[in-house]
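Residue numbers (our numbering): 8 to 124.
Backbone N, C-alpha and C fix where the C-beta goes; we use that ideal spot for every residue, glycine too.
Keep in mind it's a predicted model, so treat the numbers as computed, not measured.
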Amino acid sequence: MLDVNNVYGSFMVTKVFKDILEELEPGVHQFFPMAVYWAGEKIADNFWLNLCTRLDEYHPELTYPRNERGFKNPSKAGPIRSSFQRRRLVVTTRRSTNSPMATRFPTHMPSAFKQPG
Numbered sequence: 008m009l010d011v012n013n014v015y016g017s018f019m020v021t022k023v024f025k026d027i028l029e030e031l032e033p034g035v036h037q038f039f040p041m042a043v044y045w046a047g048e049k050i051a052d053n054f055w056l057n058l059c060t061r062l063d064e065y066h067p068e069l070t071y072p073r074n075e076r077g078f079k080n081p082s083k084a085g086p087i088r089s090s091f092q093r094r095r096l097v098v099t100t101r102r103s104t105n106s107p108m109a110t111r112f113p114t115h116m117p118s119a120f121k122q123p124g
């Protein structure tokens, strides 16, 4: 196993990684002990990592500034609009209908939600 594993969008780390991070930033992050099993056999004792800091870095030449709505790369064409209708979901995007994705990406589908009435 790796020292850092991405599991469902979170991180599971080894004791070695935990100790290094605790040395660099003591008491900042949360670690929860986890046992890792494979085919019913315990293969490792790791830790679920909850990062408790967030850096908001800005480099004026390499990134876009945030606009009044908080987005870093606003589209000049405006926001994407979506609406729910009784029988289908309609998504209006700015992509061309001649693109190869237009035939593979449906713009309507049966609703998975119960409709009133």
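Nearest C-alpha to Gln37 among Val43, Trp55, Phe24 and Ala46: Trp55. Proximity to Lys22 across Val14, Val35, Ala42 and Tyr15 peaks at Ala42, based on C-alpha coordinates. Taken through DSSP and simplified to helix, strand or coil, Glu48 comes out as strand. In the three-state reduction of the DSSP assignment, Leu58 falls in the coil class.
Under the three-state reduction of DSSP, Val14 is assigned to strand. In the same chain as Tyr44, and ignoring 5 residues on each side of it, the C-beta atoms closer than 8 angstroms to its own belong to Ile50, in chain order. From the listed residues Gly47, Leu58 and Pro33, the smallest Cα separation to Ser17 is found for Leu58. Within the model, the alpha-carbon separation for Tyr15 versus Gly34 is close to 24 angstroms.
In this structure, the beta-carbon distance from Asp26 to Pro40 does not fall below 8 angstroms. Assigned with DSSP and collapsed to three states, Val23 falls in helix. Val20 is classed as buried because its beta carbon has at least 16 other beta carbons within 10 Å across all chains shown.
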